[in-house]
Amino acid sequence: MKKVFVSLEYPGEAVGRLAGKYNVVVFREERLPTRKELLEGAAGSSAVISTVADAIDKEFIDLLPDLRIVSNCGVGYENVDVAYATERGVMVTNTPNVLTETTADLAWALMISVARRVVEADTYVRSGKFKTWHPSLLMGRNVHGKTLGVFGMGRIGSAVARRAAGFGMRVLYHNRRRTEASEKETGAEYAEFPRLLEESDFVVIASPLNEGTRGRFGAEEFRKMKRGAIIVNVGRGPIIKEAELAAALEEGAIWGAGLDVYEKEPEIHPGLPGLPNTVLLPHIGSAARETREDMIDMAVTSVELALDGKTPEHLVNPGVLENLK
Ligand code: 8YV
Numbered sequence: 069m070k071k072v073f074v075s076l077e078y079p080g081e082a083v084g085r086l087a088g089k090y091n092v093v094v095f096r097e098e099r100l101p102t103r104k105e106l107l108e109g110a111a112g113s114s115a116v117i118s119t120v121a122d123a124i125d126k127e128f129i130d131l132l133p134d135l136r137i138v139s140n141c142g143v144g145y146e147n148v149d150v151a152y153a154t155e156r157g158v159m160v161t162n163t164p165n166v167l168t169e170t171t172a173d174l175a176w177a178l179m180i181s182v183a184r185r186v187v188e189a190d191t192y193v194r195s196g197k198f199k200t201w202h203p204s205l206l207m208g209r210n211v212h213g214k215t216l217g218v219f220g221m222g223r224i225g226s227a228v229a230r231r232a233a234g235f236g237m238r239v240l241y242h243n244r245r246r247t248e249a250s251e252k253e254t255g256a257e258y259a260e261f262p263r264l265l266e267e268s269d270f271v272v273i274a275s276p277l278n279e280g281t282r283g284r285f286g287a288e289e290f291r292k293m294k295r296g297a298i299i300v301n302v303g304r305g306p307i308i309k310e311a312e313l314a315a316a317l318e319e320g321a322i323w324g325a326g327l328d329v330y331e332k333e334p335e336i337h338p339g340l341p342g343l344p345n346t347v348l349l350p351h352i353g354s355a356a357r358e359t360r361e362d363m364i365d366m367a368v369t370s371v372e373l374a375l376d377g378k379t380p381e382h383l384v385n386p387g388v389l390e391n392l393k
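Each residue of the sequence shown is one higher than the one before, counting from 69 in this note's numbering.
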């Protein structure tokens, strides 16, 4: 029986579909496997269902001679050495589409929470400080009618932009390439990077991590942004230089930040949690029950197809087809 290793336990029934047909081993702790646990758990597998936190690198791939597919449960897959997997005839798949709207919802939750100081206000009430109403109490900033700047106009960026219509916002976007389909769908206007920074009241990062986006937002960029601007990151942490963000927030170079992802997850720069003008979430962009079930369902389907000798739909390395074992 071929072995399938699942590096974490997921909600829903999808993983159960593999039982009986394959020897399914699930890492059932409520924490990530250590490197040792990952390597030991995956030993001998033909398929691995991984998360973005699992480093699927050369060492990992070399230790699994039977490995046919790495089915990464998430849309991002920068944790996988795709070039090496391709060379070694290992398919790599991800789970796009199913989490697009859920992640865009969270980007908006962050925008509104920071702008209207929702978390701060909740803490204020819970800590018994709400003794009297006052016109200046916990004043924030408007969201409606402002300019939204989307950095990374892929599926999630477009979904973030689409929601802006209901708030009467102007939308700018910056992307590696102009995307006319998104412009048509969302009414967004392409802007060069400096213009996006200078004109946006909200900058939402929705891009993947790659050599073009790593460290793209640092002190210089924050200086170019409006002093009243809010930055939101639902893409990947290392796109922002976190220490420089903490300094910019502290100095008032920008008004606030809503983060779901961090440079060195789960570590958070010590300068951030003490700042009231931040909302800090533990990477829950796609964490809605229905979406998580859809993601694992898609990841399992990819494994079923690959182990049946078929080509999964969401193959990110089609070049592998020439190198299949
Ligand atoms: C996941 C994500 O929670 O899809 C992604 O790329 O960041 C999140 O939706 C995470 O990747 C789990 O692997």
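Built from N, CA and C at the ideal position, the CB exists for glycine as well.
Around the beta carbon of N385, 16 or more other beta carbons lie within 10 angstroms, which makes this residue buried. Annotation: E335 to E108 spans about 25 angstroms, alpha carbon to alpha carbon. Closest in C-alpha terms to R238, from the list A314, A249, I224 and T215, comes T215. For L240, the enclosing beta strand (DSSP E) stretches over residues R238 to H242.
Taking D365 as reference, the option from E381, E98, G377 and A175 with the minimal CA-CA separation is E381. Note that the stretch 250 to 266 does not touch the stretch 304 to 323; fewer than 3 beta-carbon pairs, one per stretch, sit closer than 8 angstroms. Placement of the Cβ of S354 at a distance of less than 8 angstroms from at least one heavy atom of the ligand 8YV is found.
Taken through DSSP and simplified to helix, strand or coil, Y192 comes out as helix. Short of 6 angstroms from the beta carbon of H212, and not among the five residues preceding or following it, lie these beta carbons of its own chain, in chain order: F235 and G236. Classified as exposed, L205 has fewer than 16 neighbouring CB atoms from the shown chains inside 10 Å of its CB. Residue environment: A151 is assigned as exposed (fewer than 16 neighbouring CB atoms within 10 Å of its CB, all protein chains considered). Contact check for R223 against V143 passes: the beta carbons are separated by less than 9 angstroms. Distances between the C-beta of V150 and the heavy atoms of the ligand 8YV are all 8 angstroms or more. Cβ neighbours of L264 within its own chain (closer than 6 angstroms, five residues either side excluded): G217, L240 and H242. A heavy atom of the ligand 8YV is found nearer than 8 angstroms to the CB of H351.
At a cut-off of 8 angstroms, the beta-carbon of M363 counts as near the ligand 8YV: some heavy atom of the ligand is closer than that. In the structure shown, F198 falls within a coil segment according to DSSP collapsed to helix, strand and coil. Under the three-state reduction of DSSP, V228 is assigned to helix.
Along the stretch 272 to 325, the alpha helix (DSSP H) occurs as fully enclosed runs of 4 or more residues at 287 to 292 and 310 to 319, listed in sequence order. N210 and D134 have their C-alpha atoms some 55 angstroms from each other.
At least one heavy atom of the ligand 8YV is found less than 8 angstroms from the C-beta of N140. Each of D362, G353 and T379 was checked against the Cα of V166, and the nearest Cα belongs to D362.
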